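Going letter by letter, the sequence shown gives residues 231 to 502 in the numbering used here.
First up is the structure itself, then whatever we jot down about it.
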Amino acid sequence: MALITSQQLTEYYNNFKSTNLTFTKDVIRATALLSKFTQLKCLGDHWPCVLYSCSMEQARIIASLTKGFHEKLRSANNMVSLHLSFSQEDKSSPLSFFINSKIIGFTPYDKNKPELNFLSLEFTQHPPDDLISIIGSILHANENSAKRKEDRIEITADNLRNLPFSAKTTLIYIDGIPRKCILRDVSYGGSKLILPGIGKFLMNKEAILRIEYGESNKKVLIPGKIIRTEGVAGRKDLTTAALAFFEEKVPYDYKLLLTEFFNANRIKGKKR
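Written out as structure tokens, the structure is:
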């Protein structure tokens, strides 16, 4: 994620402190959460757990509650520490921190597995800046994608220097078959591109756009549907197509890329 200023941290906290973020597979990938290191600490002992959701004030986790855990918890008056760890692309060691918390509720997770429970944690300290940055960046990107859904970024040489896309040439999968394509513009809601094919046969086709980004050429796949086509002058074998993304399936990785671009450039953007 991009470097976050102290002013942005304050804005994130004020705007999103009570907003819960559910840690789906998409969110785990975008935040780089190291799930295997998520633990609950109580009086020197550690219990593995699953982070289900988190805000800047509280969290919900799933854990197996043993007799020993309950005994420790009673002795500690329900006070615990939640350990979270996130990988860092530019560093060999992960980002890790503990958040002092109090367990305020238990809910059975599975009636067939009585030892598994949802635990509701309330943070007893101001959240670490790293947590504010991670959660705030995701929630800000989600908010931005709704407000600026149709603001498009033309894929020019100048903009490519500010977007971490590996290239303007990429792949689009139609009927499971990859085709090379050239990005003309991108937005939170879709993309305009040039690809081989005849427009009338591409209309209303579902497709998956692949975008590579970053120094390590990470890949993000964005599903959508071709809603408009037009010819390319002098090229009967090529078509310009408008791909509308399926809003609920746009990965957070992609939303973060565009949000960082808009934040850095402070541009109004062009409407579709």
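All C-beta atoms in this analysis are idealised placements derived from N, C-alpha and C, irrespective of residue type, glycine included.
None of the values given here were measured: they were computed from a predicted structure.
Checklist entry - What does a CB cutoff of less than 6 angstroms around I457 pick up in its chain, not counting 5 residues either side in sequence? => result If you number the sequence shown from 1, residue 457 lands on position 227. Taken in chain order, the residues that qualify are A472, A474.
Checklist entry - Between the C-alpha atoms of H300 and R290, what's the straight-line distance to the nearest angstrom? => result As a working mapping, residue 300 is identified with position 70 in the sequence shown. As a working mapping, residue 290 is identified with position 60 in the sequence shown. Taking the straight line from one Cα to the other gives about 17 angstroms.
Checklist entry - First and last residue of the alpha helix (DSSP H) that includes K466? => result Numbered from its first residue, the sequence shown carries residue 466 at position 236. Premise fails: K466 lies in the beta strand (DSSP E), 465-475, not in any alpha helix (DSSP H).
Checklist entry - Under a Cβ-count criterion, where at least 16 other Cβ atoms within 10 Å of its own Cβ denotes burial, should D388 be classed as buried or exposed? => result By 1-based counting over the sequence shown, the position of residue 388 is 158. Counting of Cβ neighbours within 10 angstroms places D388 among the exposed residues, the total staying below 16.
Item to check | Distance between beta carbons of E442 and D415, contact taken as under 8 angstroms | outcome: The sequence position of residue 415 within the sequence shown is 185, counting from 1. The sequence position of residue 442 within the sequence shown is 212, counting from 1. Between E442 and D415 the Cβ distance is about 17 angstroms, and since that is not below 8 angstroms, they are no contact.
Next on the checklist: Please return the same chain residues whose Cβ sits closer than 8 angstroms to the Cβ of T459, not counting the five positions on each side in sequence.
Outcome noted: Reading the sequence shown from its first residue, position 229 is the one you call residue 459. Shown here for T459: same chain residues with a beta carbon closer than 8 angstroms to its own, the five before and five after excluded, namely G429, K430, L432, M433, T469, T470, A471, A472 in chain order.
Item to check | Contact the region 361-381 vs the region 480-496: 3+ CB pairs below 8 angstroms | outcome: Enough Cβ pairs lie closer than 8 angstroms, so yes.
Item to check | Status (buried if at least 16 other CB within 10 Å, exposed otherwise) for S367 | outcome: Stepping through the sequence shown from its first residue, residue 367 is reached at position 137. With 16 or more Cβ atoms within 10 Å of its Cβ, S367 is classed as buried.
Checklist entry - From which residue to which residue does the beta strand (DSSP E) around S315 run? => result Sequence index remark: in the sequence shown, residue 315 carries index 85 (1-based). Membership of S315 in the beta strand (DSSP E) is indicated by the continuous run 309-316.
Checklist entry - Can you list, in chain order, the residues of its chain whose CB lies under 8 angstroms from that of R259, leaving out five sequence neighbours each side? => result Position 29 of the sequence shown, counted from the start, is the residue given in the question as residue 259. P481, Y482, D483.
Checklist entry - Do three or more CB pairs link the region 355-370 to the region 233-249 at distances below 8 angstroms? => result Result yes; three or more Cβ-Cβ pairs closer than 8 angstroms.
Item to check | Rounded Cβ spacing between S311 and G335 (contact assumed at less than 8 angstroms) | outcome: Position 81 of the sequence shown, counting from 1, holds the residue named residue 311. Position 105 of the sequence shown, counting from 1, holds the residue named residue 335. About 18 angstroms separates the CB atoms of S311 and G335; that is not less than 8 angstroms, and the two are not in contact.
Item to check | Buried/exposed call for I234, threshold 16 Cβ in 10 Å | outcome: Along the sequence shown, one-based indexing puts residue 234 at 4. Within a 10 Å sphere around the beta-carbon of I234 sit 16 or more other beta-carbons, which makes this residue buried.
Checklist entry - In whole angstroms, what is the alpha-carbon distance linking C272 and N347? => result Locating residue 272 in the sequence shown gives position 42, where the first residue counts as 1. Locating residue 347 in the sequence shown gives position 117, where the first residue counts as 1. Going from the Cα of C272 to the Cα of N347 covers about 17 angstroms.
Item to check | Identity of the residue in P344, G444, L423, T354 nearest R391 by Cα | outcome: Numbered from its first residue, the sequence shown carries residue 391 at position 161. Ranked by how close their Cα comes to the Cα of R391, the residues P344, G444, L423, T354 have G444 in first place.
Checklist entry - According to DSSP, is V480 helix, strand or coil? => result Here residue 480 refers to the residue found at position 250 when the sequence shown is read from its first residue. Shown here, V480 sits in coil according to DSSP, grouped into three states, outside any helix or strand.
Checklist entry - Can you give the Cα-Cα distance for K500 and S417, rounded to whole angstroms? => result Your numbering for residue 500 matches position 270 in the sequence shown. Your numbering for residue 417 matches position 187 in the sequence shown. Here the model assigns K500 a pLDDT of 46, short of 50, so the residue's position is not dependable, and the following value carries that caveat. When rounded, the distance between both Cα atoms is 10 angstroms.
Checklist entry - Would you call the region 391-408 and the region 261-277 touching, i.e. three or more CB-CB distances under 8 angstroms? => result Flag = no, the region 391-408 and the region 261-277 do not touch.
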